[in-house]
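Per the numbering used here, the very first residue in the sequence shown carries number 905; after that it's consecutive. We put the beta carbon where it would ideally sit given N, CA and C, even for glycine. If you're wondering where the values come from, they're calculated on a predicted model, not measured in any experiment. Down below is the structure, laid out as structure tokens.
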Amino acid sequence: MKRVGMTQGIQQRIAGSWRLIMAGALLQAGVAGAQPASGGADAALLEMREAFRRNNTAQLASLLPQARGHALEPLAQYWNMRPQLESASPTDVRAALARMAGTYWEDRLRNDWLLLLGKARNWTDFETELPKFRMQDDRQVRCYGLMLDAAAGRIASEAAAAQVQANWLAQREAEDGCATAAQALLASGHLKPEAVWQRARLAMDANRPRVASQAVALLDAERAQTVEQIANDPAKYLDHKITALRTPTKELVTLAIIRLAASDPTAAAVEADHVRWKTQLTREERSWIWGVIGKRAAQKLQTEALSHFANGEDRFMHDEHLAWKARAGMRVGAWSDVRDAVNAMSDVQRSDPAWVYWKARAIQALRLPDPIAANSQANALFESIAAPRGFYELLAMEALGLPIAVPPAPEAPSADEIAAAQANPGLRRALIAMRLGLRSEGVREWNYTVGLHTPGGMPERELLAAADLACRAELWDRCINTSERTPLVLDHAQRYPMPHRDTVVPRAKEIGLDPAYVYGLIRQESRFIVEARSGVGASGLMQVMPATARWTARKIGLTDFKPGQITERDTNILIGTAYLKFALDDFEGSLPMAAAAYNAGPSRSRAWRNGPTVPGDVWAENIPFEETRDYVKRVLANTTHYAAIITGQPQSLRARLGTVGPRSQTAQAINTELP
């Protein structure tokens, strides 16, 4: 129950040792084969973590000998060396890397070192270390490497420029790696200035003016200062600008209108409609501007959003603009706009199950060139994504008349496969780390082991065995996430576990909630981690905020409730389910609206329901906040899967979505107290 806009994702921390992973579970998981550790070594590791957080290098060095021989010695070596990277000699760093050989922490330290080497322009050591970097998932490192490959003739400069541009445009922050590579390739003429302005536009649209300034500074430092002025007061810049004859000035005007649209799309539309910009800006620049204005209007659920999009050309708009054009179109039933927007998307976005689904829906609605051909074409699209997996895959199944049921379980991991998982050094270290309360470190090692240690990650059977290992240790988040990596087979027992069933099911039934809905929400909120906490203070299985917990406790008569009790499993379920029921009642039983209220707050969910009455899938797709939009879809898909598991009967996601529109005149008064 995290309020959107404050944080994204769960930043989980675990206090003390894991109740769920007792010594017997660890032995069963194969950890017994690791080097035995004394309580002193465990304590030293925990002290090292705190010393690392405080950057206390002296204490780290003094504690390191006590961690020697411990299964987590590679982690201790990382903590000890990381603060020294900027001052240590290459010989010392390589010696530390050798002591961590083959582990996540070796690759983590090498990643950190490569970034420092790149910033220091130490290309000799950088090129020596880059081939040893296994993860290969850092865009900055990738850009440095591409720049060097182009300079050495190992890759064509044009190809390097294209890859650098793709990585640079995808970066959120003003980081050094891709900016440095972009600068070099601009100087050589292989990267065009258009890439700089595209980076600046995307950054300004995302409210990251520092990123926009960094990009423009690659072309002209003085204009970068103008970008900062535009970010502070776009209207003032536009008021003083009469002509835009040269490309840089046109682009600065474009940035100013983009910035203005963020706060006031109506004012931006008036500005963009001025004759001087109609005549002086290029068709591409105007289309991009109208794409931003249309997107901002659509996010505010304004009826004029489609008319804004109509002022530009789809072929010049960014994928995000086209996505919002499609959403605005489906909200008012303008299915030709939905079809055209999807057709104009990049190949990557157009192949996403969401847009495959909506293109099929548009074709069905338009019935062109004739109903039979349209239905055949739509069904072919539905068939291409239909599967008992995610939100749109399930809706595609229903569109084809296929039952949503529990898929056949895959062949269970064999004794040899389980033994191999138990013996995997990375998984064993991850389990030991989590036993000690080093949850973040353990999760990182686990994820690296299953996904990055070898190119392409673990093969399917190994993933199933690793997920089985996590399930047996009741590490439900690793169980779920690891099983979700399997590309072909679906093991719903792993993907949709039901821990705490003796508490969740009776409590849900007692207050009139569908247990599947409760499970669907818990799975999304915490992955069943009892001690989960978010960065804004939401706690426990159902991620209840402190103020919400106090309000709900009063409403259900828990007069002796203390804030610390919200981390207790049964209390968290008691209060979380009560709040969910209050939300569901306030939204007249609408599962998607109640889920949106649980995530983003009831006032937002109420605002988002105003407008035309639409099918629930259309409403969910038009939720303005990306996190809440994704949350609602996942909760409802989870709910459908859990209902199939609990009942053993085929289920309907579409029925659970229902329709969403303005509050019924016969509905009870809004619960204005609901936090």
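- prompt: Does the segment 1481-1494 come within contact of the segment 1548-1555, defined as at least 3 CB pairs closer than 8 angstroms?
  reply: no
field: Contained alpha helix (DSSP H) runs [length at least 4] in the segment 1036-1068, N- to C-terminal order
entry: 1043-1056
message: Using the three-state DSSP reduction, which class does leucine 1578 fall into: helix, strand or coil?
response: Position 674 of the sequence shown, counted from the first residue, corresponds to residue 1578. Leucine 1578: coil per DSSP, three-state reduction.
query: Which class does isoleucine 1477 belong to by DSSP, given the choice of helix, strand or coil?
result: Translated into the one-based positions of the sequence shown, residue 1477 becomes position 573. Of the three classes helix, strand and coil, the one that applies to isoleucine 1477 here is helix, per DSSP.
query: For proline 1450, which three-state DSSP category applies?
result: Here residue 1450 corresponds to residue number 546 of the sequence shown, with the count starting at 1. In the structure shown, proline 1450 sits in a helix (DSSP, three-state: H, G or I).
message: As an exercise, report each continuous alpha helix (DSSP H) stretch of at least 4 residues that is fully enclosed by the segment 1095-1177, in chain order.
response: 1097-1109, 1113-1121, 1125-1136, 1138-1143, 1151-1167 and 1169-1176
- prompt: For serine 1240, does the count of other Cβ atoms within 10 angstroms reach 16, so buried, or fall short, so exposed?
  reply: Taking the sequence shown and counting its residues from 1, the one referred to as residue 1240 is at position 336. So serine 1240 ends up on the exposed side.
message: I'd like to confirm the pairing. Which residues does DSSP put opposite threonine 1407 in its beta bridges?
response: In the sequence shown, counting from the first residue as 1, residue 1407 sits at position 503. Note: threonine 1407 sits in no beta bridge, so no partner.
- request: State buried or exposed for leucine 1488, treating a residue as buried only when at least 16 other CB atoms are found within 10 Å of its CB.
  value: For the purposes of this step, residue 1488 is taken as the residue at position 584 of the sequence shown. Classification for leucine 1488: buried.
- request: Compare the Cα-Cα distances from glutamine 1555 to each of Met1301, Glu1388, Arg1025 and Asn1514 and report the closest residue.
  value: Translated into positions along the sequence shown, residue 1555 becomes position 651. Considering only alpha carbons, the answer is Met1301.
query: Can we say the segment 1399-1408 touches the segment 1418-1425, given the rule of at least three CB pairs closer than 8 angstroms?
result: yes
query: Can you list the alpha helix (DSSP H) stretches of 4 or more residues lying completely in the segment 1352-1435, in chain order?
result: 1364-1376, 1380-1387, 1396-1399, 1405-1414 and 1419-1429
query: Run through DSSP, which three-state label would isoleucine 1289 get?
result: Taking the sequence shown and counting its residues from 1, the one referred to as residue 1289 is at position 385. Three-state DSSP puts isoleucine 1289 in a helix.
message: Does threonine 1183 pass the burial test, meaning 16 or more other C-beta atoms within 10 Å, or should it be called exposed?
response: The count along the sequence shown starts at 1 and reaches residue 1183 at position 279. Exposed, by the Cβ-count rule.
task: Using 10 angstroms around the beta-carbon of valine 1120, count the other beta-carbons present and answer buried if the total reaches 16, otherwise exposed.
output: As a working mapping, residue 1120 is identified with position 216 in the sequence shown. With 16 or more other Cβ atoms within 10 Å, it is buried.
query: Looking at C-alpha atoms only, which residue of Gly1233, Trp1194, Ala962 and Val1131 is the closest neighbour of arginine 1219?
result: Here residue 1219 corresponds to residue number 315 of the sequence shown, with the count starting at 1. Minimum Cα distance to arginine 1219 is reached at Trp1194.
task: Could you tell me how far apart the beta carbons of tryptophan 1584 and glutamine 1253 are, in whole angstroms, since I believe they sit closer than 8 angstroms?
output: Given a span of 905 to 1579 for the chain in the structure shown, any question on residue 1584 remains unanswerable.
query: Which of helix, strand or coil does DSSP assign to proline 1467?
result: Taking the first residue of the sequence shown as 1, we reach residue 1467 at position 563. Here proline 1467 sits in helix by DSSP.
query: Going by beta carbon distance, what residues of the same chain come within less than 8 angstroms of glycine 1441, once the five residues before and after it are set aside?
result: Translated into the one-based positions of the sequence shown, residue 1441 becomes position 537. So the qualifying residues of the chain are Met1449 and Pro1450.
message: For glycine 1093 and leucine 1021, what's the separation of their Cα atoms in angstroms?
response: Along the sequence shown, one-based indexing puts residue 1093 at 189. Along the sequence shown, one-based indexing puts residue 1021 at 117. In a straight line, the C-alpha of glycine 1093 is about 25 angstroms away from that of leucine 1021.
- prompt: Could you give the uninterrupted runs of the beta strand (DSSP E) lying entirely in the segment 1315-1353, keeping only those of 3 residues or more?
  reply: none
query: Across which residues does DSSP place serine 1443 in a beta bridge pair?
result: As a position in the sequence shown, residue 1443 is number 539, starting the count at 1. Looking at the DSSP assignment, serine 1443 forms a beta bridge with Arg1437 and Val1448.
message: At the level of alpha carbons, what is the spacing between glutamine 1067 and leucine 1089?
response: Residue mapping note: residue 1067 aligns to position 163 of the sequence shown, counting from 1. Residue mapping note: residue 1089 aligns to position 185 of the sequence shown, counting from 1. One C-alpha to the other measures close to 11 angstroms.
message: Whole angstroms are fine: how far does the CA of tyrosine 1048 sit from the CA of lysine 1023?
response: Numbered from its first residue, the sequence shown carries residue 1023 at position 119. Numbered from its first residue, the sequence shown carries residue 1048 at position 144. Distance between the alpha carbons of lysine 1023 and tyrosine 1048 is about 9 angstroms.
- prompt: Looking at C-alpha atoms only, which residue of Ala1148, Arg1150 and Val1196 is the closest neighbour of aspartate 1168?
  reply: In the sequence shown, the residue the question calls residue 1168 occupies position 264. The option with the nearest alpha carbon to aspartate 1168 is Val1196.
message: Output needed for glycine 1095: all residues of its chain with C-beta closer than 7 angstroms, excluding positions within five of it in sequence on either side, in chain order.
response: Counted from its first residue, the sequence shown places residue 1095 at position 191. Position check: residue 1095 holds leucine in this sequence, whereas glycine was assumed. Counting only Cβ-Cβ distances below 7 angstroms, and skipping sequence neighbours, we find Ala1065, Val1068, Gln1069, Ala1086 and Leu1089.
query: Taking the alpha helix (DSSP H) that isoleucine 1267 falls in, what are its first and last residues?
result: Indexing the sequence shown from 1 puts residue 1267 at position 363. Taken as a continuous stretch (DSSP letters only), the alpha helix (DSSP H) holding isoleucine 1267 covers 1257-1270.
message: Tell me which residues share the same chain as lysine 1199 and place their Cβ nearer than 6 angstroms to its Cβ, disregarding the 5 neighbours each side in the sequence.
response: Taking the first residue of the sequence shown as position 1, residue 1199 is located at position 295. Answer for lysine 1199: His1225 and Trp1228, listed in chain order.
- request: Say whether the segment 1556-1568 touches the segment 1316-1328, bearing in mind that this needs 3 or more beta-carbon pairs closer than 8 angstroms, one atom from each stretch.
  value: no
field: Own chain, CB closer than 6 angstroms to tryptophan 1455, minus 5 neighbours either side, in chain order
entry: Within the sequence shown, the letter at position 551 stands for residue 1455. Cβ within range, chain order: Pro1579.
task: Tell me whether the beta-carbon of arginine 1038 lies closer than 7 angstroms to the beta-carbon of aspartate 1016.
output: Here residue 1038 is taken as the residue at index 134 of the sequence shown, counted from 1. Here residue 1016 is taken as the residue at index 112 of the sequence shown, counted from 1. Result no, Cβ atoms of arginine 1038 and aspartate 1016 do not sit closer than 7 angstroms.
task: Evaluate the contact criterion for the segment 1496-1506 versus the segment 1518-1530: three or more CB pairs, one atom per stretch, below 8 angstroms.
output: yes
- prompt: Helix, strand or coil: which one does DSSP assign to isoleucine 1580?
  reply: With the chain represented from 905 up to 1579, any question about residue 1580 goes unanswered, as that position is not in the structure.
message: I need the DSSP call for proline 994, collapsed to helix, strand or coil.
response: Here residue 994 corresponds to residue number 90 of the sequence shown, with the count starting at 1. Proline 994: helix per DSSP, three-state reduction.
Euclidean distance between Cα positions of leucine 1210 and valine 1246: As a working mapping, residue 1210 is identified with position 306 in the sequence shown. As a working mapping, residue 1246 is identified with position 342 in the sequence shown. Leucine 1210 and valine 1246: Cα-Cα distance of roughly 14 angstroms.
- prompt: What are the residues that DSSP puts in a beta bridge with threonine 1532?
  reply: Translated into positions along the sequence shown, residue 1532 becomes position 628. The partner list for threonine 1532 (beta bridge, DSSP) is empty, contrary to what the question assumes.
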